[in-house]
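Residue numbers (the numbering used here): 191 to 557.
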């Protein structure tokens with residue numbers, strides 16, 4: 191089970207325990223005994239390929255789907271069989287789900303309007319406060335069709351936070367925005383979440399969003415959480431190959447391809463137990479360097495350049511290591527200079543400290 195560190199257990203906001211769910215006999219989007227905890231004020235992202243169960247998990251927590259087994263708790267209360275309207279959970283959708291016939295003010299206040307016991311004046315005051323917070327005062331009488339994508343997204347966020355939810359769920363909310371606006375909204379969302387100390391579960395397929403915003407990332411595959419930890423640990427030191435590939439470009443070298451001489455050097459540098467604990471070597475492209483004969487301690491392999499792609503700030507190279515039949519990616523900063531061409535034979539070098547041993551089979555999860 192993936193638990194929050196000891197000192198934060200008392201601040202537990204959400205717990206999904208042994209949650210299972212199936213859409214159909216095929217099992218697409220299914221969830222299999224999933225366990226997840228979210229602390230108060232914590233930003234957790236669910237990251238994984240399409241169909242791995244991210245949005246299904248979100249809908250189960252929101253109460254839009256009913257789990258076939260397991261329990262869901264919010265603030266220590268079992269809400270497994272409680273309707274979505276009674277869970278005090280807000281959700282922001284990919285398409286914003288704004289009411290076209292309502293202006294910004296009424297869209298934001300819609301959730302409060304459902305709380306019939308709240309006086310009109312109090313409701314209006316809460317909406318005004320959120321308009322100020324999100325920077326939407328000048329747009330409060332406009333309708334959704336009069337707003338840009340970024341403005342519509344702010345309205346969706348404002349509507350989600352005005353009800354003061356225990357948890358806010360976001361389902362790929364930035365995917366419809368262009369790259370620059372998406373980056374700006376990431377910063378705004380981070381600042382808002384930290385200012386209000388919101389507990390957030392964020393679904394995305396964009397690893398840059400997850401890496402930049404999250405306290406922890408839960409990597410999902412096949413309806414399970416493979417690993418969950420802080421972004422830096424998952425990127426630099428994952429347990430599984432699927433985690434490495436989900437978090438960024440990765441060279442995954444099966445150890446069975448290597449000669450005994452290479453394996454002996456790995457065991458000597460990394461430890462026999464470490465090497466025996468996995469079946470592949472992980473190397474990030476930015477940790478690969480090339481040149482002529484290099485005398486530094488590390489893994490030295492003869493390679494041939496088969497493609498070069500210029501990306502402005504860097505070159506992305508594809509190399510083949512003929513001796514072991516391995517394709518390898520490498521990134522080189524353009525400002526450092528580059529004078530090799532396709533077909534050149536080079537010495538590929540990776541420092542031992544940048545090598546990680548990972549497992550291919552992620553069943554049962556990692557740390």
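Every residue gets a Cβ at the ideal spot worked out from N, C-alpha and C, and that includes glycine.
Exercise for the section: Alpha carbon to alpha carbon, how far is residue 236 from residue 419? Give it in angstroms, no decimals. Expected result: By one-based count along the chain shown, residue 419 stands at place 229. By one-based count along the chain shown, residue 236 stands at place 46. Those two C-alpha atoms are separated by around 11 Å.
Problem - Backbone CA spacing between residue 362 and residue 536 [nearest angstrom] - result: Here residue 362 refers to the residue found at position 172 of the chain shown. Here residue 536 refers to the residue found at position 346 of the chain shown. Between residue 362 and residue 536, the C-alpha separation is close to 42 Å.
Exercise for the section: Taking 7 Å as the cut-off, decide whether the C-beta atoms of residue 493 and residue 472 are in contact. Expected result: Translated into positions along the chain shown, residue 493 becomes position 303. Translated into positions along the chain shown, residue 472 becomes position 282. No.
Exercise for the section: Please state if the CB of residue 302 and the CB of residue 313 are separated by a distance shorter than 7 Å. Expected result: Counting from 1 along the chain shown, the entry for residue 313 is found at position 123. Counting from 1 along the chain shown, the entry for residue 302 is found at position 112. In contact: residue 313 and residue 302 (Cβ atoms closer than 7 Å).
Exercise for the section: Note down the Cα distance separating residue 464 from residue 545, rounded to an integer number of angstroms. Expected result: Taking the chain shown and counting its residues from 1, one reaches residue 464 at position 274. Taking the chain shown and counting its residues from 1, one reaches residue 545 at position 355. Taking the straight line from one Cα to the other gives about 11 Å.
Practice task
May I have the straight-line CA-CA distance separating residue 511 from residue 447, to the nearest angstrom?
Solution key: Taking the first residue of the chain shown as 1, we reach residue 511 at position 321. Taking the first residue of the chain shown as 1, we reach residue 447 at position 257. Those two C-alpha atoms are separated by around 11 Å.
Exercise for the section: Buried or exposed for residue 327, please, with buried defined as at least 16 other CB atoms from any protein chain shown within 10 angstroms of its CB. Expected result: The sequence position of residue 327 within the chain shown is 137, counting from 1. Taking every protein chain shown into account, the CB of residue 327 has fewer than 16 other CB atoms within 10 angstroms, so this residue is exposed.
Exercise for the section: Please check the pair residue 282 and residue 332, which I expect to be a contact at CB under 8 Å, by giving their CB distance rounded to whole angstroms. Expected result: The count along the chain shown starts at 1 and reaches residue 282 at position 92. The count along the chain shown starts at 1 and reaches residue 332 at position 142. By a beta-carbon distance limit of 8 Å, residue 282 does not contact residue 332. Their separation comes to about 19 Å.
Exercise for the section: Tell me whether the beta-carbon of residue 528 lies closer than 7 Å to the beta-carbon of residue 542. Expected result: Within the chain shown, residue 528 is the residue found at index 338, counting from 1. Within the chain shown, residue 542 is the residue found at index 352, counting from 1. At least 7 Å separates the beta-carbon of residue 528 from that of residue 542.
Problem - Collapsed DSSP secondary structure at residue 293 in the structure displayed - result: Counting from 1 along the chain shown, the entry for residue 293 is found at position 103. Coil, per DSSP.
Handout entry: Of the listed residues 524, 260 and 347, nearest to residue 324 (C-alpha basis)
Key = On the chain shown, residue 324 is found 134 positions in, with the first residue counted as 1. The shortest C-alpha separation from residue 324 is found at 347.
Exercise for the section: Tell me where the beta strand (DSSP E) around residue 540 begins and ends. Expected result: To locate residue 540, count along the chain shown from 1; it is residue 350. Per DSSP, residue 540 belongs to the beta strand (DSSP E) from 535 to 540.
Handout entry: residue 369 - containing alpha helix (DSSP H), residue span
Key = Residue mapping note: residue 369 aligns to position 179 of the chain shown, counting from 1. Taken as a continuous stretch (DSSP letters only), the alpha helix (DSSP H) holding residue 369 covers 369 to 386.
Problem - Validate contact between the segment 239 to 247 and the segment 388 to 406 using beta carbons, cut 8 Å, 3 pairs - result: yes
Handout entry: Sub-7 Å separation of residue 270 and residue 279 beta-carbons
Key = Here the question's residue 270 lines up with position 80 in the chain shown. Here the question's residue 279 lines up with position 89 in the chain shown. For residue 270 and residue 279, no; Cβs fall outside 7 Å.
Problem - Beta-carbon proximity check, residue 452 vs residue 432, cutoff 7 Å - result: Indexing the chain shown from 1 puts residue 452 at position 262. Indexing the chain shown from 1 puts residue 432 at position 242. Not in contact: residue 452 and residue 432 (Cβ atoms no closer than 7 Å).
Practice task
Under 7 Å Cβ to Cβ from residue 257, same chain only, skipping five residues before and after it: list those, please.
Solution key: In the chain shown, residue 257 corresponds to position 67, counting from 1. So the list reads 209, 210, 211, 250 and 270, once near-sequence residues are dropped.
Problem - Beta-bridge pairing of residue 430 - partner residues as DSSP gives them - result: Walking along the chain shown from the start, residue 430 turns up at place 240. Partner(s): 549.
Problem - Cβ neighbours of residue 244 in the same chain (closer than 7 Å, five flanking residues each side left out) - result: Numbered from its first residue, the chain shown carries residue 244 at position 54. If you ignore the 5 residues before and after residue 244, its C-beta comes within less than 7 Å of the C-beta of 236, 238, 393 and 410, all in its own chain and listed in chain order.
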